[in-house]
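Enquirer: For the sequence shown, the working numbering gives the first residue as 168, with consecutive numbering after it.
For glycine and all other residues, C-beta sits at the position ideal for the given N, C-alpha and C.
Just passing along the structure, written as structure tokens.
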Amino acid sequence: MNQANPNPVIPRDRHAVSRANISKNALKVLYRLKDAGYRACLVGGGVRDLQLGREPKDFDVVSDASPEQVRELFKNSRIIGRRFRLAHVTFRGEIIEVATFRGDQSDVDASEEGRILRDNTFGTLEQDVWRRDFTVNALYYDISDFSLIDYTGGLDDLEHGRLRMVGDPEVRYREDPVRMLRAIRFAAKLGFRIEEGTEAPIFRLGFLLGDIPPARLFDEVLKLFQSGHGENSFELLRRYDLLAWLFPDLDELLAIERDEGDVHRFVSLTLENTDARVLEGKGVNPGFLYAALLWGNVARETERLREQGMPEAPAIQQAGRMVTDAQVQSTAIPRRFSQVMKDIWALQPRFRKHSGKRALSLLEHPRFRAAYDFLCLRARAGEAGVADDCTFWTDLQELPPEEQHKTLMPRKKRRKKKAN
Ligand code: ATP
Ligand code: MG
Numbered sequence: 168m169n170q171a172n173p174n175p176v177i178p179r180d181r182h183a184v185s186r187a188n189i190s191k192n193a194l195k196v197l198y199r200l201k202d203a204g205y206r207a208c209l210v211g212g213g214v215r216d217l218q219l220g221r222e223p224k225d226f227d228v229v230s231d232a233s234p235e236q237v238r239e240l241f242k243n244s245r246i247i248g249r250r251f252r253l254a255h256v257t258f259r260g261e262i263i264e265v266a267t268f269r270g271d272q273s274d275v276d277a278s279e280e281g282r283i284l285r286d287n288t289f290g291t292l293e294q295d296v297w298r299r300d301f302t303v304n305a306l307y308y309d310i311s312d313f314s315l316i317d318y319t320g321g322l323d324d325l326e327h328g329r330l331r332m333v334g335d336p337e338v339r340y341r342e343d344p345v346r347m348l349r350a351i352r353f354a355a356k357l358g359f360r361i362e363e364g365t366e367a368p369i370f371r372l373g374f375l376l377g378d379i380p381p382a383r384l385f386d387e388v389l390k391l392f393q394s395g396h397g398e399n400s401f402e403l404l405r406r407y408d409l410l411a412w413l414f415p416d417l418d419e420l421l422a423i424e425r426d427e428g429d430v431h432r433f434v435s436l437t438l439e440n441t442d443a444r445v446l447e448g449k450g451v452n453p454g455f456l457y458a459a460l461l462w463g464n465v466a467r468e469t470e471r472l473r474e475q476g477m478p479e480a481p482a483i484q485q486a487g488r489m490v491t492d493a494q495v496q497s498t499a500i501p502r503r504f505s506q507v508m509k510d511i512w513a514l515q516p517r518f519r520k521h522s523g524k525r526a527l528s529l530l531e532h533p534r535f536r537a538a539y540d541f542l543c544l545r546a547r548a549g550e551a552g553v554a555d556d557c558t559f560w561t562d563l564q565e566l567p568p569e570e571q572h573k574t575l576m577p578r579k580k581r582r583k584k585k586a587n
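Here is the structure:
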């Protein structure tokens, strides 16, 4: 457990956080709060990443103004959350989250197991510090004098590449089990080591994730895999025995093939590919990601149904439905993404046909590109029997449109010749 640092204030010339690297909108929010007489600080990832010399993903502000007071100060704001109420100040292309200092632990609503159900008791900065998750996330940049405030030793942990929980790790995981996933996300993203006392309870507390609403877990899964460090996050989830609580069927399949088979290779390759896309600033469709994570199970289930005599197309669709229905027990999948996922799976067998109307309509299918990328990832992962299809459709796309048409509809071409 950490004790309060007796000299928590680091003056402006002795840390690396500078206004030059803080977004204009975040500064606007900080100054307007300060000018209205409130205490206002930048906190969380913004401070952490700037001190590390990295570019923050977003800027979080904390203040002694209540969400309602923030709402009054900013026309462009609204109050969100129930369990944890705060204000979002919206600018073009950027949202600044403004939280209110949380008060003492003892005033919080908790479940029998210690899980925090509601945390809307407000307090001071000195109290708020102990409600943060990791020491490196508990650094405050004070806009009134540009100092950094470090009560928990976060700066030292930051310098040593160490992720350490504020307070008693087990108690803090029980309060909010998602902190286990956050530990993994930050360790993967920052390349930090999870300090011993902070990592030990994770191995035995994974089951607590079973109580988290599937929608919140879905959001966390996306953060883990769309961070640009998805492959690393995936391996850490496995190392800490947490994958089973997010993707139970996939976890089981990986155990069966002992990491040496197609499934592990395919998932790794997909995440590697996703990481590269994120680093290039390209988007990643969550439907594509989920389609890949669950493909091993879908393929297996399809095979089972085919052995029972079901034709391929309905088999793959039914397998997809079964695997999806099982998965949403763990993490939700919003419909707009599950539809993408099902389309990608359903289109896979159609790449085997290299001519005819069905092949032409595949090329024109709105989900062609995603399904084709998926097919070629399967080929790269060494899945049997798909390499030729990947090559065929790759070559085809390099032809001009009228040539593509001729390749797919060769009979039409012959008929035309005769008519001439
Ligand atoms: P990112 O770079 O992903 O934005 P972050 O550290 O800013 O990382 P956020 O989810 O934006 O993470 O949260 C902002 C801050 O709020 C965190 O740094 C942490 O201090 C606090 N926080 C967020 N979620 C929790 C939680 N579940 N328990 C305790 N503190 C939390
Ligand atoms: Mg943040």
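Can Val507 and Ala486 be called in contact, C-beta distance under 7 Å?
Expert: No, they are not a contact pair.
Enquirer: Measure how close the beta-carbons of Arg179 and Ser278 come, nearest whole angstrom, since I'm counting them as under 8 Å.
Expert: That belief does not hold up - the Cβ atoms of Arg179 and Ser278 are roughly 43 Å apart, past 8 Å.
Enquirer: Who pairs with Cys208 in a beta bridge, going by DSSP?
Expert: Its beta-bridge partners are Val229 and Asp309.
Enquirer: To which residues of the same chain is Thr257 closer than 6 Å at the C-beta, ignoring the five residues directly before and after it?
Expert: Hits under 6 Å: Asn243.
Enquirer: Buried or exposed: which applies to Asn440, given that a residue is buried once 16 or more other Cβ atoms fall within 10 Å of its Cβ?
Expert: Classification for Asn440: buried.
Enquirer: Leaving out the 5 sequence neighbours to the left and right, which residues in its chain are closer than 7 Å to Glu479 when beta-carbon positions are compared?
Expert: Correct list, in chain order: Arg473 and Pro516.
Enquirer: Please confirm whether Thr498 and Pro381 have their CB atoms less than 7 Å apart.
Expert: Closer than 7 Å, so yes.
Enquirer: Which residue spans inside the stretch 225-310 form an unbroken beta strand (DSSP E) run of at least 3?
Expert: If we require 3 residues or more, the beta strand (DSSP E) runs fully inside the stretch 225-310 come out as 227-230, 244-247, 253-258, 261-267, 283-285 and 306-309.
Enquirer: For Ile379, which three-state DSSP category applies?
Expert: Note: Ile379 maps to coil in three-state DSSP.
Enquirer: Assuming contact is defined by CB atoms lying nearer than 7 Å, are Arg285 and Asp276 in contact in what I supplied?
Expert: Yes, the pair counts as a contact, with Cβ atoms nearer than the cut-off.
Enquirer: Is the beta carbon of Ala513 less than 7 Å from the beta carbon of Phe455?
Expert: Cβ distance not < 7 Å, so Ala513 and Phe455 don't count as in contact.
Enquirer: From the DSSP output, in three-state form, read off Met576 for me.
Expert: Coil, per DSSP.
Enquirer: At a cut of 8 Å, does the stretch 229-246 reach the stretch 342-349 through at least three beta carbon pairs?
Expert: Segments in contact, no.
Enquirer: Out of curiosity, what's the CA-to-CA distance linking His521 and Phe433?
Expert: Whole-angstrom Cα-Cα distance: 24 Å.
Enquirer: Within the same chain, show all residues whose beta-carbon is closer than 6 Å to that of Leu348, passing over the 5 residues directly before and after it, in chain order.
Expert: Excluding sequence neighbours, Leu348 sits near Glu387.
Enquirer: Is there at least one non-hydrogen atom of the ligand MG closer than 6 Å to the beta-carbon of Gly320?
Expert: No; taking the cut-off as 6 Å, the Cβ of Gly320 has no heavy atom of the ligand MG nearer than that.
Enquirer: To test your reading of the DSSP string, which unbroken alpha helix (DSSP H) runs of 4 or more residues are found completely within the stretch 498-545?
Expert: List check, alpha helix (DSSP H) in window: 502-514 and 524-530.
Enquirer: Please report how far the alpha carbon of Ala193 lies from the alpha carbon of Ala266, in whole angstroms.
Expert: Going from the Cα of Ala193 to the Cα of Ala266 covers about 13 Å.
Enquirer: Confirm the yes/no value for this check: CB of Gly248, any heavy atom of the ligand ATP, distance under 6 Å.
Expert: Gly248 Cβ: outside cutoff for every heavy atom of the ligand ATP.
Enquirer: Cutting at 7 Å between CB atoms, please list the residues of its own chain near Asp589, excluding the five before and the five after it.
Expert: Since the first residue shown for the chain is 168 and the last is 587, residue 589 is missing from the structure and cannot be characterised.
Enquirer: Given this structure, state the Cα-to-Cα distance separating Ala586 from Gly523, to the nearest angstrom.
Expert: Its pLDDT being 49, under 50, Ala586 is placed unreliably by the model, and the measurement read from it follows with that caveat. Rounded to whole angstroms, Ala586 to Gly523 spans 21 Å at the Cα level.
Enquirer: Does the ligand MG have even one heavy atom less than 6 Å from the beta-carbon of Gly397?
Expert: The answer is no for Gly397.
Enquirer: For my contact list, Leu306 and Asp323 are in at a C-beta cut-off of 8 Å; report their separation, rounded to the angstrom.
Expert: 11 Å between Cβ atoms; not a contact.
Enquirer: Only counting the same chain, and skipping five residues up and downstream in sequence, which positions put a Cβ closer than 8 Å to that of Met576?
Expert: Excluding sequence neighbours, Met576 sits near Ser522, Gly523, Lys524 and Leu527.
Enquirer: Could you check whether Asp227 and Gly248 sit closer than 7 Å to each other, using their CB atoms as the reference points?
Expert: Taking 7 Å as the Cβ cut-off, Gly248 and Asp227 do not qualify as a contacting pair.
Enquirer: If we count the other Cβ atoms within 10 Å of its Cβ and call it buried at 16 or more, is Pro568 buried or exposed?
Expert: Answer is exposed; the Cβ neighbour count stays below 16.
Enquirer: Report, in whole angstroms, the separation of the C-beta atoms of Asp408 and Gly373, which I expect to be a contact under 8 Å.
Expert: Right, their Cβ atoms sit about 5 Å apart.
Enquirer: Please determine, among Glu565, Ala482, Ser185 and Leu460, the residue with the shortest C-alpha to C-alpha distance to Asp418.
Expert: Minimum Cα distance to Asp418 is reached at Leu460.
Enquirer: May I ask you to check if the CB of Gly212 is nearer than 6 Å to at least one heavy atom of the ligand MG?
Expert: At least one heavy atom of the ligand MG is nearer than 6 Å to the Cβ of Gly212, so yes.
Enquirer: Where DSSP assigns a beta bridge to Val176, which residues make up the other side?
Expert: Looking at the DSSP assignment, Val176 forms a beta bridge with Ile316.
Enquirer: Tell me whether Asn287, by its Cβ, gets closer than 6 Å to a heavy atom of the ligand ATP.
Expert: No, the beta carbon of Asn287 sits no closer than 6 Å to any heavy atom of the ligand ATP.
Enquirer: Beta carbon of Asp309, beta carbon of Gln294: below 7 Å?
Expert: Going by C-beta atoms, Asp309 is not nearer than 7 Å to Gln294.
Enquirer: Check whether the Cβ atoms of Lys356 and Ser311 sit closer than 7 Å, and answer yes or no.
Expert: Against a cut-off of 7 Å, the Cβ pair of Ser311 and Lys356 comes out as no contact.
Enquirer: When every heavy atom of the ligand MG is checked, does at least one fall within less than 6 Å of the C-beta of Asp225?
Expert: Yes, the Cβ of Asp225 comes within 6 Å of a heavy atom of the ligand MG.
Enquirer: If we ignore side chains and look at the alpha-carbon of each, how far apart do Lys509 and Phe251 end up?
Expert: Taking the straight line joining both Cα atoms gives about 35 Å.
Enquirer: Thinking C-beta only, is Tyr205 closer than 7 Å to Ser230?
Expert: It is a contact, given that the beta carbons lie within the stated cut-off.
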